[in-house]
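Okay, structure first, notes after.
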Amino acid sequence: MANLLRSELYKLYKDPSFRILCFTFFFVAVILSGVINYMGSEQKVFSGITGLGYGVQVNVLVLKVSLAVVGGFFLSNEHGLGIMKISAASGYSRGQIYAAKLTAYSTGIIILSLIVPVICVAAGSMLNGFGSLPEIHAPLYLLRTLAFTILYAAAFASIVAVFAVTTTVSGITIGAVLLVLLFFDTISQWLSGKWAVYREFYEHTVFKLFMDITAYQPTTYELALFILIPIATILLFAWVGIMSFRNMEIK
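Numbering (our numbering), first residue to last: 86 to 336.
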């Protein structure tokens, strides 16, 4: 299993789409930091903690693009290249193969989701200091926000991986995932206004909670939701993915 995981991580490292996104998001973060600093004022200085806020906002789009592109080229594309068939005949169980691919995919998504906020925090800190918050100790807030970013990136990866691994055309994966992720929140907010049952469901999903992870002082109940919902999502969709991968015909 360790060799299988190392193989998947190496494929991720060599994957052109992953490398291109890493460089792209790095430059986006640098340019964003420069623009925010240039447009800043004495009342609103671009500090490290301010950079974190901007970075997390941009990260919503970054995460959606990462999930779609890496899911399409790193996972779905293996069907067309015949790699998935070779993996299935390697002697490892379908469950082990899926777990290794999900782990590598999640690792890639986590790395990509951290680039923009980390660069923005670093740039703001170097230019104008780290800054402070009246509601909470700033370093604690930084660590908590980054930890939640990692957790939710893994949760979203577990959802998308189910579709990406079982879809044989990378273009379909990229298009479908982008379409769903870009419009799911808008549609869900509209449906939430129509049906209270759906609103209750939506408010307890990673899609809604991810937009609230920057709250300065969440209640104990909210903090529990922030932690337990993504963990439950990872476990549920990892199981669904393994079951789907076991039953699919690999050509």
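C-beta atoms are modelled at their ideal positions from N, C-alpha and C, and glycine is treated no differently. This structure is a prediction, so every number in the text was calculated from the model and none was measured.
Give every residue of the same chain whose Cβ lies closer than 7 Å to the Cβ of residue i, excluding the five residues on either side of it in the sequence, and list them in chain order.
i           : result
residue 270 : 292
residue 267 : 149
residue 287 : 273, 277, 293
residue 198 : 144, 147, 148, 151, 234, 238
My output table needs one value for residue i: the three-state DSSP class, helix, strand or coil.
i           : result
residue 212 : helix
residue 274 : helix
residue 112 : helix
residue 302 : coil
residue 280 : coil
residue 198 : helix
residue 297 : helix
residue 224 : helix
residue 307 : helix
residue 290 : coil
residue 143 : helix
residue 124 : helix
residue 219 : coil
residue 183 : helix
residue 95  : helix
residue 131 : coil
residue 237 : helix
residue 190 : helix
residue 230 : helix
residue 178 : coil
residue 328 : helix
residue 252 : coil
By Cβ distance, which residues of its chain are closer than 6 Å to residue i, with the 5 residues on each side in sequence left out?
i           : result
residue 214 : 132
residue 325 : 247
residue 242 : 190, 191, 194
Inspect the beta-carbon positions of residue i and residue j and report whether they are closer than 9 Å.
i           : j           : result
residue 189 : residue 94  : yes
residue 238 : residue 194 : yes
residue 179 : residue 327 : yes
residue 212 : residue 332 : no
residue 145 : residue 322 : no
residue 230 : residue 137 : yes
residue 161 : residue 258 : yes
residue 154 : residue 102 : yes
residue 220 : residue 139 : no
residue 299 : residue 141 : yes
residue 314 : residue 206 : no
If I measure Cβ to Cβ from residue i and keep anything under 8 Å in the same chain, skipping five residues before and after, which residues do I get?
i           : result
residue 89  : 175, 177, 181, 182, 185
residue 329 : 247, 250, 251
residue 106 : 150, 151, 154, 155, 197
residue 87  : none
Using a Cβ-based criterion (distance less than 8 Å to any ligand heavy atom), does residue i qualify as near the ligand NAD?
i           : result
residue 322 : Because no ligand of any kind appears in the structure shown, any question about the ligand NAD cannot be addressed here.
Would the stretch 103 to 114 and the stretch 192 to 205 be scored as touching if the rule is three or more Cβ pairs under 8 Å? yes
For the 8 Å Cβ check, are there 3 or more pairs between the stretch 280 to 291 and the stretch 221 to 229? no
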